[in-house]
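Undergrad: For the sequence shown, the positions run 0 to 227 when numbering that gives the first Met the number 0 is used.
There's a structure below that I have some questions on.
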Amino acid sequence: MPTSPTPATATPPGAAARVPQGERSRAMRARLLEATVDCLVEHGFAGTTTTLVSQRAGVSRGAQLHHFPTKNDLVVAAVEHLTEVRGAELAAAAHALPAGPHRTRAVLQVLADHFTSPVFTAALELWVAARTDEALLAAVGPLEQRVGRDAHRVSVEMLGVDESRPGARELVQATLDLVRGLGLADTITDDSRRRAGILDQWALVLEERLLAEPRSTDPRSTDPQEQP
């Protein structure tokens, strides 16, 4: 006699789609951080509240407080998170940079794009708020220093600068100060046309001062036409 097929073991509803707790927690944290950055960009620091962030992220207030007990904890973590994401994007952009005479200008464009991105706007809100908030400043200060070091290192690598040359480090830092200032101007009005012209000229300065072969200081290497 044919045997009856063994009935399949019933699977509890939702068991096949069950996500590990750790993964769910990381996903929830990521949603909170991304929602915080969006709120900082759209509403500023003062208008960003933990209630608004939790609503935007689709997360309960209790879950939000579990991950980030205070607003300061939330906004600092959000800017740090997005800064790391943008850092990875900068590294990827560095690999796609062209070789040859247009590389310097392309590097400046990558940096300018970074300082006109949402992460810069969100960070700017955080820096301004930290100026008059000692607790926030204590958290923001070390983050800003680390971000500054990373930006300088990436800029040196992208430009191919030899920092042992006199003035090289200062010119790289001046480049970062320049694009940061242009990014600040862009938060008020669309400054793209003026920014492009400034970057064109600054690329010429960098190529002349940083990338050209250094002149020899050996008096024996003077131009023969200048010798008696």
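Quick reminder that beta carbons are idealized off the backbone N, C-alpha and C, glycines included.
Let's see if you can read the secondary structure: which residues bound the alpha helix (DSSP H) around G61?
TA: Start and end: 60-66.
Undergrad: L210 to P165, Cα distance in whole Å?
TA: Their Cα atoms are separated by approximately 12 Å.
Undergrad: Just to confirm, are M27 and H66 a CB contact at a threshold of 8 Å?
TA: It is a contact, given that the beta carbons lie within the stated cut-off.
Undergrad: According to DSSP, is P100 helix, strand or coil?
TA: Three-state DSSP puts P100 in coil, outside helix and strand.
Undergrad: Which of the three DSSP states, helix, strand or coil, is assigned to G166?
TA: Looking at G166 - three-state DSSP - the assignment turns out to be coil, as it is neither helix nor strand.
Undergrad: Identify, in the order they occur along the chain, each residue of the same chain with its Cβ nearer than 7 Å to the Cβ of N71, setting aside the five sequence neighbours on each side.
TA: A134, L135, A138.
Undergrad: Could you check what DSSP says for T35 in three-state terms: helix, strand or coil?
TA: Helix.
Undergrad: What does the alpha-carbon distance come out to for the pair E169 and L175?
TA: Their backbone Cα atoms lie some 10 Å apart in a straight line.
Undergrad: Leaving out five residues on either side along the sequence, give the residues of the same chain with a beta carbon under 6 Å from the beta carbon of T103.
TA: Here the set comprises A202, L205, E206.
Undergrad: By the 10 Å Cβ neighbour count, where 16 or more other Cβ atoms means buried, how is S59 classified, buried or exposed?
TA: With fewer than 16 Cβ atoms within 10 Å of its Cβ, S59 is classed as exposed.
Undergrad: Specify the secondary structure class of S116 as computed by DSSP and reduced to three states.
TA: It is coil, neither helix nor strand.
Undergrad: Grouping DSSP H, G and I as helix and E and B as strand, with all else coil, what is G57?
TA: Here G57 sits in coil by DSSP.
Undergrad: Smallest Cα separation from A76: which of A105, S116, L31?
TA: Taking only the C-alpha atoms, the option nearest A76 is L31.
Undergrad: May I have a chain-ordered list of the alpha helix (DSSP H) segments no shorter than 4 residues that lie completely inside the stretch 188-215?
TA: Counting whole runs of 4 or more residues, the stretch 188-215 contains the alpha helix (DSSP H) stretches 191-205.
Undergrad: Quick check: what's the CA-CA separation for V40 versus A34?
TA: Approximately 10 Å between the Cα atoms of the pair.
Undergrad: Assuming V146 and L158 make a contact with CB atoms under 8 Å, what is their CB distance in whole Å?
TA: Going by Cβ atoms, the distance from V146 to L158 rounds to 18 Å, so no, they are not a contact pair.
Undergrad: Pop quiz: V78 and A122 are said to be a contact at Cβ under 8 Å. What is the actual Cβ separation, rounded to whole angstroms?
TA: So it is a contact: roughly 5 Å between Cβ atoms.
Undergrad: Answer yes or no: do V74 and L125 have a C-beta to C-beta separation smaller than 8 Å?
TA: The answer is yes: Cβ separation under 8 Å.
Undergrad: Taking the alpha helix (DSSP H) that G147 belongs to, which residues open and close that run?
TA: 133-158 is the extent of the alpha helix (DSSP H) around G147.
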